[in-house]
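Quick note: the sequence shown uses the numbering used here, first residue 34, plus one each step. In this text, a Cβ means the ideal position worked out from N, Cα and C, and glycines have one as well. Treat the numbers as computed from the prediction; the structure is a model and nothing was measured. Remarks on the structure that follows.
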Amino acid sequence: SHDFGKTMLVCRMQHEQPHHHTAWEWFGIGQTLALLPLSEHLSSVVLTLPPHEMQALLELPDADFERDIARRYQGRLGEMKRAGSRHTYPLIGVYAQRFVAPRFALIGDAAVGMHPVTAHGFNFGLHGVDLLSREILAAARAGADIAAPERLQRYEAAHRRATRPLYLATQAIATLYTDDRTPARLVRRLVLDASSRIGPLRLAIATALSEDGLSLRGLLPSALPGLR
Ligand SMILES: Cc1cc2nc3c(=O)[nH]c(=O)nc-3n(C[C@H](O)[C@H](O)[C@H](O)COP(=O)(O)OP(=O)(O)OC[C@H]3O[C@@H](n4cnc5c(N)ncnc54)[C@H](O)[C@@H]3O)c2cc1C
34 SHDFGKTMLV CRMQHEQPHH HTAWEWFGIG QTLALLPLSE HLSSVVLTLP
84 PHEMQALLEL PDADFERDIA RRYQGRLGEM KRAGSRHTYP LIGVYAQRFV
134 APRFALIGDA AVGMHPVTAH GFNFGLHGVD LLSREILAAA RAGADIAAPE
184 RLQRYEAAHR RATRPLYLAT QAIATLYTDD RTPARLVRRL VLDASSRIGP
234 LRLAIATALS EDGLSLRGLL PSALPGLR
C-alpha cells in the first residue's frame, strides 16, 4: 500500500451557480479540489488536505464550513450549502500482493484501490468482475470446479497485467501533483504547458485516460456493452 499522507473529504453540496455538467480537478498549493457534477445545482465536493487541516475543517459549524468550501472554490459556484454528510477517509492506495487464495478471489478496490485522480478505480472493478465471471462461467458450463487454482491464477495474472501500469502511473501523477516543493511544481508546469501546446501529446494523454484508451487495452468489459 502507499499512504499519500492526506485526508480526503467527500460531501454533497448545493450551489448557487450551475456547474454546466463539467467535472473539475484542481491541483492547488496545499489542497486538491474536485467537483463531480450531479443535478444542475448539486455536486459532490472532493477536497484533499493534510490531516490536521482537515480535522479543523470538520470541527467547523455548518455555516462556517459552507463559507470555507465556497472560498476554496473561489466563489465560482456562488453560495454553497451542505446537502449530505461530511465523509472523510485517509488517502491510501492499495495494490494487493495476491488477488487469489484457495477458493477465494479479491475484486474491486479490495484488489486494486487507486488514488482517484485518474478516475479508473470503478472501471478496474468492472474489469475484474468481467475476467472472473468469464472463468467461473466457463468452468460451470464444462461442469468443472469454478474455483480451480489455475482458473483463479489466470484471473489474477490477467487482472495484474491490465491494472499494474495505470496503478503505477496514477501513483506517480498523484505524487507529482500534490507535491508543493519547487522542483515538482516546475515539472508539472512543463508537463501542462507541453500538453496544451503539443496537440498529439494532449491527444495521447486524453486517449490513455479515456474510454477509447480503456477499450484499446481491453479494459472495458464486453459483458457490459452499454459502457462502450
Ligand atoms: C472521490 C472519488 C472519485 C472517484 N471517481 C471515479 C471515477 O470517476 N471513475 C472510476 O472508475 N472510479 C472512480 N472512483 C473509484 C471508485 O469509486 C471505486 O473504485 C469503487 O467504488 C470501488 O468499488 P468497490 O465495490 O470495490 O468498493 P466500495 O465502493 O468501497 O464498496 C465496498 C462496500 O463494502 C462495505 N463494507 C466494508 N466493510 C464491510 C464489512 N466488514 N461488512 C459489510 N460491508 C462492508 C462498504 O461500506 C462499501 O459499501 C472514485 C473514488 C473516489 C473516492
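Going by beta carbon distance, what residues of the same chain come within less than 7 Å of residue i, once the five residues before and after it are set aside?
i, result
"residue 256", "Because residue 256 sits at a pLDDT of 43, beneath the cut-off of 50, its placement in the model cannot be relied upon, and the following sentence gives the value as read from the coordinates. Correct list, in chain order: 163, 166."
"residue 83", "39"
"residue 168", "184, 187, 188"
"residue 43", "77, 79, 120"
Relative to the C-alpha of residue i, which residue among the options is closest?
i, options, result
"residue 114", "206, 195, 50", "50"
"residue 78", "119, 39, 36, 62", "119"
"residue 34", "74, 128, 92", "128"
"residue 74", "55, 89, 86, 92", "55"
"residue 71", "217, 80, 91, 46", "46"
"residue 182", "89, 52, 135", "135"
"residue 206", "147, 184, 195", "147"
"residue 41", "123, 103, 109, 88", "123"
"residue 116", "81, 95, 175, 227", "95"
So does residue i have its beta carbon nearer than 6 Å to some heavy atom of ligand 3?
i, result
"residue 145", "This structure lacks ligand 3; the ligands present are ligand 1."
Return yes when at least one heavy atom of ligand 1 lies under 6 Å from the C-beta of residue i, else no.
i, result
"residue 141", "yes"
"residue 198", "no"
"residue 79", "yes"
"residue 70", "no"
"residue 152", "yes"
"residue 149", "yes"
"residue 155", "yes"
"residue 126", "no"
"residue 117", "no"
Under a Cβ-count criterion, where at least 16 other Cβ atoms within 10 Å of its own Cβ denotes burial, should residue i be classed as buried or exposed?
i, result
"residue 62", "exposed"
"residue 76", "buried"
"residue 231", "exposed"
"residue 258", "Bear in mind that a pLDDT of 41 at residue 258, under 50, signals an unreliable position, so the number given afterwards is only what the model happens to contain. Its Cβ having fewer than 16 others within 10 Å, residue 258 is exposed."
"residue 149", "buried"
"residue 220", "exposed"
"residue 107", "exposed"
Please list, in chain order, all residues of the same chain as residue i whose beta carbon is under 8 Å from its beta carbon, the five residues on each side excluded.
i, result
"residue 142", "127, 154, 158"
Near residue i, which residues of its chain fall below 6 Å by C-beta distance, leaving aside the five closest residues on each side in sequence?
i, result
"residue 59", "66"
"residue 215", "none"
Which ranges would you report for the beta strand (DSSP E) in the region 71-108 if only whole runs of at least 3 residues count?
-> For the region 71-108, whole beta strand (DSSP E) runs of length 3 or above, ordered along the chain, are 75-82.
Give, in chain order, every unbroken run of the alpha helix (DSSP H) that is at least 4 residues long and sits entirely within the region 151-175.
-> You should have 154-174.
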